[in-house]
Every structure is written in C-alpha cells, then in structure tokens.
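**Student:** The opening residue of the sequence shown carries number -1 in my numbering; numbering runs sequentially from there.
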Amino acid sequence: MQTLVPIGTFEDRARRLLGKSGFDDMLEFLARRPKAGRVIQDTGGLRKVRMARPGRGKSGGTRMIYYYHNEDKPILLLLIYAKAAQENLTDAQKAKLKKHVDAIIDDFG
C-alpha cells in the first residue's frame, strides 16, 4: 500500500469534514487506488477526487486535492474542502499548490 503524507492543516480539516471513520476510509481508499483522482490541468500532476460526507453523498461531499508521482514516493495530501464552499480551484490556487508540491518533491529527491 502507498504511504500518505498530510501536508499542513489537511488532517485537521479532513477529520472535521469527514469524521474519524470517513477520514480513515479516505486514507485506505487512496492508499489502495492512488490514481483514482482526475488529473487537474496546469498543475503539474495534482489530482482531485470526490469524497462523500456522512449523510450527504458525493454531490454534497468534499473535494480533495493530492499529488501522486509514483509507487516509490508518498502521496501528498494537500487540500480538502466542501463542494458547497468551492467547486474548482482557481488559477491562483493551482499555481500556488504546484509551486508548493515542486518544493516538496525537490526535498524528496
């Protein structure tokens, strides 16, 4: 199974949005299916996956942004938000996340 690394406030936000069991389910899902998310254009390989929230389903759920490079590198869990708050990333958010991931990847070598 793939290693997952929450970045910044990701884990706290995810637990708030998904609850403990939803958070654990999300980790297991991504560890087993790291390519599940759709690649987001102009981000250098960031992926977005829809996750259901307890009692709301996917359409009322969350959007999670993560980076998967290959099986030898950990999956970076970057951003999670409620769909009601935002549907898609802005160009500025894409650029900022890409820059952040590029710096982290440089550290991993």
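Glycine is no exception: its CB is placed at the ideal position from the N, C-alpha and C atoms.
From a predicted model like this one, the values you see are computed outputs, not experimental measurements.
Got a sec, what are the start and stop residues for the beta strand (DSSP E) M49 sits in?
**Tutor:** Here residue 49 corresponds to residue number 51 of the sequence shown, with the count starting at 1. In this chain, the beta strand (DSSP E) harbouring M49 covers L44 to R51.
**Student:** I believe A50 touches G59 by the beta-carbon criterion, under 8 Å. Please report the beta-carbon distance rounded to the nearest angstrom.
**Tutor:** Numbered from 1 along the sequence shown, position 52 holds the residue referred to as residue 50. Numbered from 1 along the sequence shown, position 61 holds the residue referred to as residue 59. Contact holds; Cβ gap of about 5 Å.
**Student:** Give the C-beta separation of I73 and Q0 to the nearest angstrom, bearing in mind that I take them to be a contact with Cβ-Cβ under 8 Å.
**Tutor:** Translated into the one-based positions of the sequence shown, residue 73 becomes position 75. Translated into the one-based positions of the sequence shown, residue 0 becomes position 2. Their Cβ separation, rounded to whole angstroms, is 5 Å, which keeps I73 and Q0 in contact under 8 Å.
**Student:** So, with DSSP's three-state summary, where would you put R61?
**Tutor:** Counting from one through the sequence shown, the residue named residue 61 turns up at place 63. Taken through DSSP and simplified to helix, strand or coil, R61 comes out as strand.
**Student:** Is it buried or exposed, V37, if we count other Cβ atoms within 10 angstroms and call 16 or more buried?
**Tutor:** The residue you call residue 37 lines up with position 39 of the sequence shown. V37 comes out exposed.
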